[in-house]
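Here the structure comes first, spelled out in structure tokens, and everything after it is commentary.
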Amino acid sequence: MPISLAVLEQVVREAGTIALTYFKDLKHIAIDKKSPRDFVTAADVAVEAFLKEKLSQICPEYGFWGEESGQTANQTNRWIVDPIDGTHSFSKGQYFWSISVALEIDQQLVMGAVYAPALNDYYCAELGKGAFKNGETIQVSDETSLANSMIGTGFACLRQYLTDNNLARFNRVAQQTTGQRRFGSAAMDLCLVADGQLDAFWEQELNLYDIAAGALIAQEAGGTVTDFQGNDGIFPKQILVTNGKILDQLLPLM
Ligand code: IPD
Ligand code: CA
Ligand code: CA
978 MPISLAVLEQ VVREAGTIAL TYFKDLKHIA IDKKSPRDFV TAADVAVEAF
1028 LKEKLSQICP EYGFWGEESG QTANQTNRWI VDPIDGTHSF SKGQYFWSIS
1078 VALEIDQQLV MGAVYAPALN DYYCAELGKG AFKNGETIQV SDETSLANSM
1128 IGTGFACLRQ YLTDNNLARF NRVAQQTTGQ RRFGSAAMDL CLVADGQLDA
1178 FWEQELNLYD IAAGALIAQE AGGTVTDFQG NDGIFPKQIL VTNGKILDQL
1228 LPLM
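All residue numbers for the sequence shown refer to our numbering, where the first residue is 978 and numbers rise by one.
And the structure:
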């Protein structure tokens, strides 16, 4: 591995300090729109610029794909970064937003970190070595009944005005579960499944940078990562992550 989880944590936590500087002065932050329902702030840009520079200093031979700056040349071995996941929440002064950093080598996700600076929760994983929250091992929940479950989702599809806008799917799942949550940061949602705080999460029309780190963390915590048909893998356009015990009950509702 070109970097240790400990060094990655130092870098991501430093990025969090930058994000918090903007978060504590939202009255003066520049907020732009990439599309009618998609915001970007000066914090997104500054955090990504820091991560791009720092990670390329540490691993000069690796490429970089950031939500705001796009892809560099080497996309075989690359960092996949969402500098602020949950920008709308961030811009409103809410605490549920995160910095997501994943490392992919030869098309295999091998390391991931999702940091929520306002909550001071740091999730990470390395392929085959388990998942951690604030240094402690985490695992998915033991819930075996969909009826007793708490499920998370998001509405990226509404942002894109798609006809399959997830509302009918949400309606089906909501009527079969006890709790439903839409927290606003897909990267964090995936970590909540890893930590047993959610029993499953699904969303459509995301991008790899939204979910790469969180999906590896959920997988290393014992979760299933599939599409809506139950095919194993990370599918940004159709991601379904569960504790592994309610997948079969959820699939017919997807
Ligand atoms: C968003 C968050 C949100 C999801 C949106 C994403 P962004 O990321 O992950 O939970 O529902 O589709 O775009 O735009 O704040 O980086
Ligand atoms: Ca995102
Ligand atoms: Ca983002």
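We put the beta carbon where it would ideally sit given N, CA and C, even for glycine.
Nearest by alpha-carbon distance to residue i: which of the options is it?
i: Gln1152; options: Ser1126, Leu1167 and Leu1139; result: Ser1126
i: Thr1219; options: Lys1029, Lys1069, Ala1007 and Leu1123; result: Leu1123
i: Leu1183; options: Leu1032, Asn1148 and Pro1213; result: Pro1213
i: Arg1159; options: Glu1180, Thr1203 and Thr1140; result: Glu1180
i: Gln1157; options: Leu1139, Asn1142 and Phe1178; result: Phe1178
i: Val1202; options: Ile980, Gln987 and Ala1171; result: Ala1171
i: Ala1026; options: Arg1014, Thr1049 and Lys1010; result: Thr1049
i: Ala996; options: Gln987, Thr1018 and Pro979; result: Thr1018
i: Gly1105; options: Val989, Gly1221, Phe1041 and Ala1198; result: Ala1198
i: Leu1096; options: Phe1205, Pro979 and Thr994; result: Thr994
Report whether the distance from the Cβ of residue i to the nearest heavy atom of ligand 3 is below 7 Å.
i: Glu1044; result: yes
i: Asp1021; result: yes
Does at least one heavy atom of ligand 1 sit under 7 Å from the Cβ of residue i?
i: Thr1018; result: no
i: His1065; result: yes
i: Glu1025; result: no
i: Gly1131; result: yes
i: Asn1014; result: Checking the sequence shown, residue 1014 turns out to be Arg, not Asn. No, since every heavy atom of ligand 1 falls outside the 7 Å radius drawn around the Cβ of Arg1014.
i: Gly1161; result: yes
i: Leu1183; result: yes
i: Arg1158; result: no
Taking only three categories from DSSP, how would you classify residue i?
i: Met1127; result: strand
i: Gly993; result: helix
i: Val1202; result: strand
i: Pro1060; result: strand
i: Asp1002; result: coil
i: Ala1079; result: strand
i: Arg1136; result: helix
i: Lys1110; result: strand
Below 8 Å on the Cβ atoms is my contact criterion, and I expect residue i with residue j to pass it. Report the Cβ-Cβ distance as a whole number of Å.
i: Phe1067; j: Ala1020; result: 7 Å
i: Asp1083; j: Asn1054; result: 7 Å
i: Gly1207; j: Val1117; result: Their Cβ separation, rounded to whole angstroms, is 17 Å, which puts Gly1207 and Val1117 out of contact at 8 Å.
i: Ala1108; j: Glu986; result: With 8 Å as the limit, Ala1108 and Glu986 do not qualify as a contact, their Cβ atoms being about 14 Å apart.
i: Ile1057; j: Ala1189; result: 4 Å
i: His1065; j: Gly1161; result: 7 Å
i: Leu1230; j: Arg1146; result: 7 Å
Any chance you could list the residues with Cβ under 5 Å from a heavy atom of ligand 2, keeping chain order? The filter returns Asp1059, Asp1062 and Asp1187, in chain order.
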